[in-house]
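Protein chains in written order, with UniProt numbering: chain A, 1 to 373; chain U, 1 to 185; chain B, 1 to 257.
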Amino acid sequence: MSPTSTSPPRRFIALGLEGSANKLGVGLIAHFSDNSPAQILSNLRDTFISPPGEGFLPKDTAKHHRAWIVPLIKRTLKESGVKVKDIDVICYTKGPGMGAPLQSVAVVARTLSKLWDKPIVGVNHCVGHIEMGREITGAQNPVVLYVSGGNTQVIAYAEQKYRIFGEALDIAVGNCLDRFARTLNIPNDPAPGYNIEQLAKSGKVLLELPYTVKGMDCSFSGILAYIDQLATQLAPSSDADSTTKSKQERKPLLDPATNNPITPADLCFSLQETVFGMLVEITERAMAHVGSSQVLIVGGVGCNERLQEMMGEMARERGGSVYATDERFCIDNGIMIAHAGLLAWRTGFETKFEDTTCTQRFRTDEVHVAWRD
Amino acid sequence: MLRTYQLENLPVPHEVHVALFSNITNAADLRKQLIAGNADFEYAFIDATTIVSLAHALAAAHMSLHRLLVSGKLRTHNAHSEIVYNLSPTNNITEAFRRFGVSDKTTSLLAIKVSHSKQPHTAADVEKHLRDVIQGDFVEVSDATLARQTDWSKVKKYYKMQVPQDRLEDAETEVLGKMVMSVVG
Amino acid sequence: MGDTTTIPAPFTITPAVQIPTPKTLIKQGAEAIVYRTTYLLPTIPSLLKYRPPKAYRHPILDARLTKHRCLSEARLLIRARSLGIPVPAVYFVDESRGEIYMECIEGDSVRDVLDDMLMQEGGEGKVDALMVKMGEAVGKLHAADIVHGDLTTSNVMVRRKVRKGLLCAAQEEVVEHVEDEGVVLIDFGLGSMSTAEEDKAVDLYVLERAFASTHPKAEKLFKDVLEAYQRSYKKSKPVMRRLQGVRMRGRKRTMIG
């Protein structure tokens, strides 16, 4: 930075569009050529929430995204005061995610790119989370735990790649929690995982659940099947919840120590303690392997305070610390797509129009992280 | 003649007194006293033909003292019966005594007495008592003398040793392994 | 053990009396700490693998895991040893405290010696013999349906000294010819019993990656390991086929995003 120069730093602006799952996000971010901190010009989101006991289907989710995306973009421009001519690049989520929702957003990104004559960049959803997490928390080179409804990965950066050290071998941890929420008929508003977290706070009994860690990886389908089974053995609740799926086929599940019936809260508590224990363990293993003491948690499940607490405890024991973002950023959002897309674009990267497709499977380690050494 | 050991990685104070007798003639009587629960006769009376080495015997004593002094969970009546029990590769207490404990026909006897702060016994006292009550030859206890007494067909049978072990140390390792396996397996 | 409010044993006991035996820290991993100490007598060297409690986990879960893993590792080691696979002997286990006392292997890991060995005069012969021993050991292991779980060159030891004689008489002899002595597989903390070709193939793949990333000069020697592996493990064909698949997949299966 030359002291004699009086011209202001060049500002780069990216529009980010995210819709890989049930959250539709539109974000507008500004970067500066003097590398001062990124500025969030707008970060809007609308979530498609399905009724209790149901998951969100691709068809309905895509419909929701199609209905909301134009109003959100209009509002973004209006609230931020940014003009179309100031936007440098359109960024969208290329993958991974659900097919129809991804496409519904990609179509808009392509259209705007043509309409406004702007370059377009396809972004990896996971890389979006990682880069936003780094930007917001300032964590330099942490081991990253990326946990959401669709992904569970332990990642460490090396030589221009986000390398996957460990992952869930079957279903993502968020998926496990969301599906159990459905089993218990817990509302999906604001998010099933959030409601499980609240319910778990009043749980007391730690039941023995299958704990499956294999080396650096873990697996959740076993524990889900097991706890779904346990849920059928719960005593009928005292609330008039006639839609609950619990059946009293035999004697209800009891706490062996007190003979009190096991409650849904106990199940949520046991599930969290167990799956989060698994996540912290594989994260610790990766940290020991690469010799790091910093952890960054990104993704929707990263909002969970119990997970943050456990991870923080482990990091502290290693002389390090845990970084996490708040719900504006750990939950899927458009700003992270804008941010990661802009980082790539500034290194000269651009997605050719014929390549502006979407893909349900897009591994984090496939991305060339040109913006880092 | 009596050897006293202080075992590693166990709380102190403690002592393990070990004595070996051969050509004994009053095995039946000793066994009666043991069963009667005569307080003076709290020993691990082991048929020495089932023992392959000094480490074999000490390992059993170590497990017993660990339970007594560290984890606090004995599986048998006292630390001494526990030593005989530990020698067995199974968890069947009766079988352990029948196979590894003194029987009426025992002629080689390994006697072990443990001493700790709650129940101290000096080497001198133990040696004197043993000399008084055991009718047989008081032998120096060592790997060599123990090896001379070993009845390998018994050992192989009790420990279900599959491969004939060429080297004594391999047999010893397998025996120790089986003892641990009965606890962890 | 249904009481969920009291903290289990390992967390409350502070021995009222002294335990004077010294312990030297050898390695501090993510899951366990390894000390060098003794067993029974001061003349018998031993390794203590200690799994400390993890404060971040619920105490009941932590105690359960520690106990389970301790028992599992001990069982695997004893079983392997009884089948003639070169692993450390197990001396004593206290699973409620997460402690395993085992044989101390005097030597260096293949990781540490391989590159130096290659540079020595006549080192190639030694290295060839080493590759064969490695292949044979892993072949025997897999033939017994035991999977190591973390088979890197850090977890294969080359003995420098060998114990001769019974434990109490412990005599250690320096190994004259490394190629005559065997290798020893260590650290079965992530091990398991498995008949699945996939698991065995992943074992081999991890070893292959270890050669590639830490011993670039020795990378081609891994094929010698595989040859010896196949010679020693008669039914290894399905595993070798699976290895191809594991290699192509690279790290892992892809997940639906």
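In this text, a Cβ means the ideal position worked out from N, Cα and C, and glycines have one as well.
CB contact below 8 Å: residue i versus chain B
i                 : result
leucine 87(U)     : no
valine 369(A)     : no
serine 53(U)      : yes
aspartate 29(U)   : no
arginine 134(A)   : no
methionine 63(U)  : yes
methionine 336(A) : no
tyrosine 162(A)   : no
aspartate 241(A)  : Reliability of the predicted coordinates at aspartate 241(A) is poor, the pLDDT of 47 falling under 50, and no value is obtained from them.
histidine 121(U)  : no
Inter-residue Cα distance where the pair is residue i and residue j
i                 : j                 : result
aspartate 86(A)   : alanine 14(A)     : 9 Å
alanine 207(A)    : aspartate 266(A)  : In the sequence under discussion, the amino acid at residue 207(A) is leucine, which differs from the alanine named in the question. The straight-line gap from Cα to Cα measures roughly 8 Å.
glycine 122(A)    : lysine 63(A)      : 21 Å
residue 207(U)    : alanine 170(B)    : Outside the modelled stretch of chain U, which goes from 1 to 185, sits residue 207(U), for which no answer is possible.
glutamate 172(B)  : glycine 177(U)    : 21 Å
glycine 319(A)    : leucine 48(B)     : 24 Å
glycine 53(A)     : glutamate 82(U)   : 57 Å
leucine 291(A)    : leucine 25(B)     : According to the sequence displayed, residue 291(A) carries glycine and not leucine. Approximately 18 Å, taken between the alpha carbons.
isoleucine 331(A) : cysteine 303(A)   : 7 Å
glutamate 103(B)  : methionine 193(B) : 22 Å
methionine 132(A) : glutamine 160(A)  : 17 Å
aspartate 151(U)  : glycine 215(A)    : 45 Å
isoleucine 60(B)  : proline 53(B)     : 11 Å
valine 93(B)      : lysine 154(U)     : 26 Å
Same chain, Cβ closer than 7 Å to residue i, neighbours up to 5 away in sequence not counted
i                 : result
alanine 123(U)    : Leu2, Thr4, His17
alanine 158(A)    : none
aspartate 170(A)  : Ser219, Phe220, Ser221
asparagine 195(A) : Ala181, Ile186, Pro187
threonine 214(B)  : Arg111, Thr153
leucine 145(U)    : The amino acid occupying residue 145(U) in the given sequence is threonine; leucine does not appear at that position. If we look at threonine 145(U) and ignore the five residues flanking it on each side, its Cβ neighbours are Leu20, Val139.
arginine 328(A)   : Asn43
C-beta neighbour in chain A for residue i, strict 8 Å
i                : result
threonine 254(B) : With a pLDDT of 35 at threonine 254(B), under the threshold of 50, the modelled position of that residue is not reliable, and no figure is offered here.
leucine 61(B)    : yes
tyrosine 205(B)  : no
alanine 201(B)   : no
leucine 190(B)   : yes
Residues near residue i in its chain [Cβ-Cβ closer than 8 Å; skip 5 each side]
i                : result
isoleucine 85(B) : Ala137, Lys140, Leu141, Ala144, Ile146, Leu185
valine 183(U)    : Met63
Nearest residue (CA-CA) to residue i, options the options
i                 : options                                    : result
glycine 97(A)     : Asn22(A), Met287(A), Glu354(A)             : Asn22(A)
leucine 24(A)     : Thr351(A), Thr61(A), Gly215(A), Val89(A)   : Thr61(A)
cysteine 270(A)   : Leu199(A), Lys161(A), Gly319(A), Met287(A) : According to the sequence displayed, residue 270(A) carries serine and not cysteine. With distances taken between Cα atoms, serine 270(A) lies closest to Leu199(A).
tyrosine 101(B)   : Arg36(B), Ala63(B), His68(B)               : Arg36(B)
tryptophan 371(A) : Arg316(A), Cys303(A), Phe349(A), Asn260(A) : Phe349(A)
lysine 223(B)     : Lys133(B), His68(B), Glu31(B), Thr21(B)    : Lys133(B)
valine 70(U)      : Val246(B), Lys235(B), Glu99(B)             : Glu99(B)
arginine 249(B)   : Thr76(A), Glu366(A), Ile40(A), Leu112(A)   : Glu366(A)
isoleucine 362(A) : Phe12(A), Thr93(A), Ile69(A), Arg45(A)     : The question names isoleucine, yet the displayed sequence has phenylalanine at residue 362(A). Ranking Phe12(A), Thr93(A), Ile69(A), Arg45(A) by Cα distance to phenylalanine 362(A) puts Thr93(A) first.
serine 321(A)     : Gln140(A), Leu184(A), Val84(A)             : Gln140(A)
isoleucine 112(U) : Thr25(U), Trp152(U), Lys157(U), Ile51(U)   : Ile51(U)
tyrosine 43(U)    : Thr90(U), Leu109(U), Pro13(U)              : Leu109(U)
glycine 191(B)    : His68(B), Lys23(B), His58(B), Pro42(B)     : His68(B)
leucine 41(B)     : Leu7(U), Ser53(U), His116(U), Ala36(U)     : Leu7(U)
valine 126(U)     : Asp143(U), Pro89(U), Val114(U), Lys160(U)  : Val114(U)
isoleucine 337(A) : Ser20(A), Ile223(A), Asn175(A)             : Ser20(A)
histidine 66(U)   : Ala57(U), Ala48(U), Ala79(U)               : Ala79(U)
Neighbour flag for residue i against chain U, beta carbons, 8 Å
i                 : result
leucine 166(B)    : yes
proline 45(B)     : no
threonine 37(B)   : yes
glutamate 172(B)  : no
isoleucine 105(B) : no
serine 82(B)      : yes
Sequence-distant residues of its chain with Cβ nearer than 6 Å to residue i (five each side left out)
i               : result
residue 201(U)  : For chain U, the structure presents residues 1 to 185; residue 201(U) sits outside this window and is missing.
valine 84(A)    : Trp116
leucine 87(U)   : Ala60, Phe100
cysteine 268(A) : Ile196, Leu199, Ala200, Gly203
Partners in chain D for residue i, counting only beta-carbon separations shorter than 8 Å
i                : result
aspartate 145(B) : Given the protein chain composition of this structure (A, U and B), no chain D is represented.
beta-carbon residue i near the ligand COA non-hydrogen atom, thresh 7 Å
i             : result
alanine 30(B) : The ligand COA is absent from the structure shown, which contains no ligand whatsoever.
In the stretch 57–112 of chain A, which residue ranges form an unbroken beta strand (DSSP E) of at least 3 residues, counting only runs that do not cross its ends?
-> 89–95
Completely contained alpha helix (DSSP H) runs for the stretch 148–178 of chain U, where each covers 4 or more residues = 152–158
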